Structures are given as structure tokens and as C-alpha cells.
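A short worksheet on the structure shown next.
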Amino acid sequence: MIEFFVKPATPETVWIVIVLTGIVTYITRSGGYVLLSRFKNLHPRLEAALEAVPGAVLITLVLPSVLENGPLEVTAMAAALVASLRLSPIGVLAVGMFIVVVGRMIGF
Amino acid sequence: MNSLSDSQFFEGLKDCLPIMFAVSFFGMLFGATGVSNGLTLGQTLLSSASVFAGASQFVFLDLYNQQVPVWSVLLAVFAVNFRHVLYSASIGRFMGAFSTLAKYFGFFLLSDPSFAAGERRAETRTLAPSYYFGFAASLYPVWLLSTLVGGLSGNLIAEPEAFGMDMLLSLYFLALLMGFRSRPNWLTTVLASGFVAILVFKTFGSPWHIMVGGLAGVVVAAAIGKPGGSKEADSD
Numbered sequence: 001m002i003e004f005f006v007k008p009a010t011p012e013t014v015w016i017v018i019v020l021t022g023i024v025t026y027i028t029r030s031g032g033y034v035l036l037s038r039f040k041n042l043h044p045r046l047e048a049a050l051e052a053v054p055g056a057v058l059i060t061l062v063l064p065s066v067l068e069n070g071p072l073e074v075t076a077m078a079a080a081l082v083a084s085l086r087l088s089p090i091g092v093l094a095v096g097m098f099i100v101v102v103g104r105m106i107g108f
Numbered sequence: 001m002n003s004l005s006d007s008q009f010f011e012g013l014k015d016c017l018p019i020m021f022a023v024s025f026f027g028m029l030f031g032a033t034g035v036s037n038g039l040t041l042g043q044t045l046l047s048s049a050s051v052f053a054g055a056s057q058f059v060f061l062d063l064y065n066q067q068v069p070v071w072s073v074l075l076a077v078f079a080v081n082f083r084h085v086l087y088s089a090s091i092g093r094f095m096g097a098f099s100t101l102a103k104y105f106g107f108f109l110l111s112d113p114s115f116a117a118g119e120r121r122a123e124t125r126t127l128a129p130s131y132y133f134g135f136a137a138s139l140y141p142v143w144l145l146s147t148l149v150g151g152l153s154g155n156l157i158a159e160p161e162a163f164g165m166d167m168l169l170s171l172y173f174l175a176l177l178m179g180f181r182s183r184p185n186w187l188t189t190v191l192a193s194g195f196v197a198i199l200v201f202k203t204f205g206s207p208w209h210i211m212v213g214g215l216a217g218v219v220v221a222a223a224i225g226k227p228g229g230s231k232e233a234d235s236d
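Take a look at the structure:
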């Protein structure tokens, strides 16, 4: 049993690992709720922390594309940032994708 | 109270349409990458069906190929998906209209877009299960089907970069991020989280920046949040 976990998966056992990754994922997806549902009333500071979750997490998903790419991608992200002040998410996507695709077509 | 006959299901579905496009590209990419990296088509589909979280499925593929021990594959998947702990803690507050079964089924489908959609919805009205499932459950078959198409056709998209596919999700997440900018202390939280995420990204690398950066952001939000003052009461 322990041997299974300390060794790499083989083509024969990889399906077990796949199912386990699914289980690990489900634990994260339900875990926060399960932990908090023990409390009847949430402390205002905890409430403030939860209100901040979308901003705090989404920025971490955005950053690598800016840090790992060149000026074209950074320009596209900056333009999308400005566009997001006025446009819907679809509009933001359109602006950013337009810059990336056209920029790469002309060889950036 | 049949949630499927409720018109809010179609509202959720409609709001989901733009992200379906992005998700299907990533599904195809995962399908193609999976079968060209030593998984069978069935195993590739099993990953999409049981995990339903693109980033962590790619991490799994990568580590499986590097012949990393199983425990560290699972730890990496946990690290990539840790953000969902925060998601379910937050969106759980708005699931008052969900039955217990619907709640726990809903968590299975709790992806980044569905979390953001649910949170946005809950800012203006009660989050109805029909709306949530109209959005979240629509993505699931798209993810499976696109994995299948990608797996069957191999490298369907010869050069995904030429079409900007590598930037699609980042742009979408940026749009989602900006959609929450009217929330209290949003900018401070984002700056704190972003600062820590960059530090961790540069030192320990991906995926730890998501977990540590995200946690830093919510800790700062808790520290500067006014105790006792209800934010919902005086916001619009």
C-alpha cells in the first residue's frame, strides 16, 4: 500500500492515480464549506476574508501569463485591463485575443 | 420547484456560453496532450470526468511523465486545486436555497468560472440552484466532449500559440478579476495577493504561488476588514 504511493505510477496503475486526483480535487472543492459549516455565525473578519476570495485567488491565476511572457502578451493583458473597465468579459477577451493573434501574425 | 424547468437554468447556460468556447479549446488540448503522453483515450477521459479542473490535469500529466512518486503527484494536484477550498468556503454562504445533495453535487462542479459566476450572481440576488447548475453543469459535457475530440484527433490545433490559445484563459481570468472590483478592499487584497504570488512564483515556482498568494490576500482582507461593521448592509 505504502509502496504504491512512494513509487511512480505505471501504465497499469495510472488509472488509480487519476481517480485519486479526482478525489483530492473533490476534497478541496467541498472542504472549505465543510470546515465553515461547523460555525453558525461567521466572525466579521472571516466574513471579510471570504468576500476577498475572488480577488485574492484570480490575481494569482492571471500573473504567470504576465511574468512569463514577452512585451506582446503584457500589452494584450494591459489593453484587456483597460477594456475591462467598460466592456463585458466577452469584449475583454476579444480585445486581448485580437492583440495577441494579430501581434503574432506580424511576427512579434 | 423543478430546477430544470426553471428559466434561471437557461440564464446560467447563457452566461456560460462565452467560457464554453475557451474551455473547449483547453479540453481539446488536454485530450491531445493526454494521448500523446502515454495515456489511453479512456484514461484521458477518466481524468477529465473525475477531476474536471484543467490546470491540475495538466500538472498530473506532466508529473506522470516525469515518473514522479504518486504521493507527490497528489500533493501537486492538491496545491493547484487548493484555491477551491477558499471557493467552497465563500460560495457555501450563498447556497441557502440548495438541498444538501445539490450542494455536494454543486461542489463537484465548482470550477473557476462557475465560482465567479455564482459569486457575481449572489451579489444582486439569491443564488438559485437552477442558475448555478445551468452554468456549472453546462461546462462539464463541454469539457468531456472536447477532451474526446482532442484525444481522437491528436494534434488538431497544430500551433495553439498562433491562435493565442495560451492567453485565452489568462485574459478570461483577468476579466473575472476585474468584475469583482467594487468589493470592499478589493485593490488592497489584489495587491497583497499579487505581491506574495510573484515572490513565491519567482522562488518556489508554480503552483505554490496560487495557494500562498491566495491565502496572503484573504489574510490581509481579514486584517483590514472592519470587525462588527456589516459590509453587506451598507453596500449597494
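Chains as they are written, first to last, in the working numbering: chain A, 1 to 108; chain B, 1 to 236. Note that beta-carbon positions come from the ideal geometry of N, C-alpha and C, so glycine has one too. Predicted model only: the values in this text are computed from it and were never measured.
Fewer than three pairs of CB atoms, one per stretch, sit closer than 8 Å, so the stretch 80–93 of chain A makes no contact with the stretch 196–213 of chain B.
Within chain A, the residues whose beta carbon sits less than 8 Å from that of B/Tyr87 are Arg29, Gly32, Val53 and Val57, listed in sequence order. For A/Ile90, the closest of B/Ala22, B/Phe195 and B/Gln8 by C-alpha to C-alpha distance is B/Ala22. Beta-bridge annotation (DSSP): A/Pro54 is not paired with any residue. Within its own chain, the residues whose Cβ lies closer than 8 Å to the Cβ of B/Gln8, once the five positions on either side in sequence are excluded, are Ala128, Ser130, Tyr131 and Gly134, listed in chain order. Distances from the alpha-carbon of B/Cys16 to those of B/Gly150, B/Pro113 and B/Thr33 put B/Pro113 closest. Taking the C-beta atoms as reference points, B/Gly31 is found no nearer than 8 Å to B/Gly194.
Taking all protein chains in view, the Cβ of A/Ser30 is crowded by 16 or more other Cβ atoms within 10 Å, so the residue is classified as buried. Beta-bridge pairing by DSSP links A/Pro44 to no other residue. Collapsing the DSSP output to three states places B/Pro113 in a helix.
Residue state for A/Pro64 is assigned as helix, using DSSP reduced to three classes. Contact between B/Ala216 and B/Ala192 is confirmed by a C-beta separation of about 6 Å, below the 8 Å threshold. Counting only the Cα atoms, B/Leu101 lies some 43 Å from A/Val74.
Under a 10 Å Cβ-count criterion, B/Asn65 is classified as exposed, with fewer than 16 other Cβ atoms of the shown protein chains found around its own Cβ. Pairwise C-beta distances place the stretch 100–107 of chain A in contact with the stretch 160–173 of chain B, as three or more of them are shorter than 8 Å. Under a 10 Å Cβ-count criterion, B/Ile91 is classified as buried, with 16 or more other Cβ atoms of the shown protein chains found around its own Cβ. Per DSSP, the continuous alpha helix (DSSP H) segment holding A/Ser30 begins and ends at Val14 to Leu36. B/Pro207 sits in coil when the DSSP states are folded into three classes, being neither helix nor strand.
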